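Notes follow the structure.
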Amino acid sequence: MVVACEQVWLEVSNYLDGDVAPELRVAVEEHARTCPRCRAVIEGTRNIVRLYGDERMVEVPLGFGSRLHRRLEENISPRRPGLWKGWAIGFAGAAALVLVMVGIGNIPGAKDQQPMRVQLAQPGHGVPPDLPVVVASAGSTFHVPGCKYMHDKTGLRTITAAEASQEGYTPCVRCMKKYLTDDEVQALEEVERLEEMASQ
Amino acid sequence: MAADTAPLAQPEEQRDEAALIRRVCNGERELFYELVKPYERRLYATAFAILRNEADAEDAAQEAVLKAFKNIGKFRSEARFSTWLIQITVNEALMRRRKQHSDRMEPIADQRDDEGNYIPRDFADWREIPSETLERKEIREKLAQALATLGEKYRDVFVLRDMQHLSIEDTAKTLNITSASVKTRLLRARLMLRDLLAPGFGGPWSSRLSFEKGNKPW
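Just so you know, the sequences run in chain order U and V. Under our numbering, the first residue of the first sequence is numbered 242, with each subsequent residue one higher. Under our numbering, the first residue of the second sequence is numbered -6, with each subsequent residue one higher.
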């Protein structure tokens, strides 16, 4: 196989990437041996690939890493107390009302239907909506993955906090505590207490 | 511009990245920075190559990392984490560039036909350049200037393929073009850069800093 200069120029990139058929590779190398112009093109292009691929080509502004880290930290652990204060007002009362409506365990199947989740969970609380959380199919609360207070792990799923809220789950008062105000924690604890009564 | 001297990422095989990703997904969110730290240099470089402005590049890289964090649950283990991060960064940077340049005409180089033959302009004999050459700031600046003269569509492909070492397929996927287009544009980009730089490296640049005496390489 014999190749012309134009074909070498056309294939130089593929040749350097090892992306040409073996016979074409041999032909290019044969050609370059006797053609100084094509040799210059091949070696020059090889230099380009090597020099630009070198990590020293990249200059990162001083402090870039620490600024990135700081911004990430700010976003990973946002404290937004009070955003769902309005939601918490009357939360315990609403919980009690729902429990009364379902008869606190006197209605057969009430426990399985998880009325608390459906009736009480509201969107727009202080937990970051895109926070990955885990929920169990039989549970009523959502948790940060790995929460040690999550006992029932049947049908465990990872979803966002917003999705969990939409499905009726309420935040775990322990692992989600940092997102909650004292009033909210108190309200949720009351819900848990009443729900436990309902299940007995 | 001051430069950090942090090394590039270790090979992914040497870090139990998959385990780290699992831990982040399982709630150890603070570990996310450990996950991206080896790549932060590459992310900045990618954003800078596209936006060509330090402040914009830093902001885009930061935003990309935040998006990666928010979407870590969508990361599929069959992909390389570094490639996934770079793809998010490219998308962020391209989006910003589109906003910035929506009223600007494309450079002439962008309007060339991809399929046309490209004939090298310069045949200077360019022997292997030692990598130590890059220790010289002047040389790095010349390389950066040459890269900046390329049309965007050539520069984007070149940056992803030759500077970020993405595969042809990943480059194509990231830029939403075909693999054939990646190869064509890559050939063009490499040859254009060679044309721009060969006269300097083959001649004047061989003697230290000679181009500073008014002997411009292009």
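For each residue, glycine too, the CB sits at the ideal point set by N, CA and C. Computed from a prediction, not measured in an experiment: that's the story for all the values here.
* Between which two residues does the alpha helix (DSSP H) carrying threonine 275/U extend? -> 263 to 275
* To do: Can you give me the Cβ contacts of arginine 16/V inside the same chain, cut-off strictly under 7 angstroms, excluding the 5 residues immediately before and after it?
  => Setting aside the 5 residues that flank it on each side, arginine 16/V is surrounded in the same chain by Leu24, each with a C-beta closer than 7 angstroms to its C-beta; the list follows chain order.
* **Same chain, Cβ closer than 6 angstroms to methionine 156/V, neighbours up to 5 away in sequence not counted** => none
* Which residue or residues does DSSP assign as beta-bridge partners of arginine 398/U? -> Answer is Val376/U.
* **Three-state class that DSSP yields for threonine 382/U in the structure shown** => strand
* Nearest neighbour of leucine 233/V, chosen from Arg297/U, Gly380/U, Glu284/U [CA to CA] -> Absent from the structure is residue 233/V, since the part of chain V shown begins at -6 and ends at 211.
* Does DSSP classify proline 369/U as helix, strand or coil? -> coil
* To do: Have a look at Asp423/U, Thr422/U, Ser378/U and flag the residue whose alpha-carbon is nearest the alpha-carbon of glutamate 408/U.
  => Nearest in C-alpha terms to glutamate 408/U, of all of Asp423/U, Thr422/U, Ser378/U, is Ser378/U.
* For a contact meaning CB atoms closer than 7 angstroms, what does tyrosine 26/V contact in chain U? -> His310, Leu313
* To do: Under 8 angstroms Cβ to Cβ from glycine 304/U, same chain only, skipping five residues before and after it: list those, please.
  => Once the five neighbours on either side are set aside, glycine 304/U has no close Cβ partner at all.
* the region 388 to 407 of chain U: positions lying closer than 9 angstroms to chain V by Cβ -> Cys388, Thr399, Ile400, Thr401
* Cβ of proline 373/U within 8 angstroms of Cβ of proline 386/U? -> yes
* To do: Could you name the residues of the same chain whose beta carbon sits closer than 7 angstroms to that of aspartate 163/V, not counting the 5 residues immediately before and after it, in chain order?
  => Thr76
* Give the residues of chain U in contact with arginine 234/V, contact being defined as C-beta atoms less than 9 angstroms apart. => With chain V running from -6 to 211 in the structure shown, residue 234/V is simply not present.
* 8 angstroms Cβ cut-off: residues of chain B touching phenylalanine 68/V -> Reference to chain B is not applicable here, since the protein chains of this structure are U and V.
* Asked: With C-beta atoms as the reference, is proline 113/V less than 8 angstroms away from aspartate 188/V?
  -> yes
* Asked: If you draw a straight line from the C-alpha of leucine 168/V to the C-alpha of threonine 422/U, how long is it?
  -> 45 angstroms
* To do: Could you have a look at proline 302/U and say whether DSSP puts it in helix, strand or coil?
  => coil
* Three-state secondary structure (DSSP) at proline 113/V? -> coil
* **Alpha-carbon to alpha-carbon, threonine 171/V and tyrosine 420/U** => Those two C-alpha atoms are separated by around 46 angstroms.
* Asked: Can you tell me the Cα-Cα spacing of glutamate 314/U and lysine 30/V, whole angstroms?
  -> 13 angstroms
* Assess, as a yes-or-no matter, whether the region 247 to 260 of chain U is touched by the region 69 to 88 of chain V under the definition of 3 or more beta carbon pairs within less than 8 angstroms. => no
* Starting from the beta carbon of serine 381/U, find every residue of chain V whose beta carbon is closer than 7 angstroms, and list them in chain order. => Near serine 381/U there are no residues of chain V at all, since even the closest Cβ is about 19 angstroms away, more than 7 angstroms.
* When the Cβ atoms of the region 50 to 62 of chain V are set against those of the region 137 to 151 of chain V, are three or more pairs found closer than 8 angstroms? -> no
* Note down, in chain order, each residue of its chain lying with its Cβ closer than 8 angstroms to the Cβ of asparagine 390/U, except the 5 sequence neighbours on either side. => The sequence given here has tyrosine at residue 390/U, not asparagine. Excluding positions up to five away in sequence, the list reads His384, Cys413, Arg415, Cys416.
* Asked: Which same chain residues, not among the five before or five after glycine 380/U, have their C-beta less than 6 angstroms away from its C-beta?
  -> Asp393
* Note down, in chain order, every chain V residue with its Cβ under 7 angstroms from the Cβ of valine 290/U. => Asp155, Arg183
* **chain V contact residues for valine 385/U, given Cβ-Cβ distances below 7 angstroms** => Gly20
* Asked: Interface residues of chain U around tyrosine 37/V at Cβ under 8 angstroms?
  -> Val299, Val301, Pro302, Phe305
* Pull up the DSSP beta-bridge partners for threonine 171/V, would you. => Note: threonine 171/V sits in no beta bridge, so no partner.
* To do: With 8 angstroms as the threshold, decide whether the Cβ of valine 376/U is near any Cβ in chain V.
  => no
* To do: State buried or exposed for serine 406/U, treating a residue as buried only when at least 16 other CB atoms are found within 10 Å of its CB.
  => buried
* To do: Please decide whether lysine 63/V counts as near chain U, where near means a Cβ-Cβ distance under 8 angstroms.
  => yes
* To do: State yes or no: is the C-beta of proline 31/V nearer than 7 angstroms to some heavy atom of the ligand FAD?
  => Ligands are entirely absent from the displayed structure, and the ligand FAD is therefore not among its contents.
* Can you give the beta carbon distance from isoleucine 400/U to valine 376/U, rounded, assuming they're within the 8 angstroms contact cut? -> 6 angstroms
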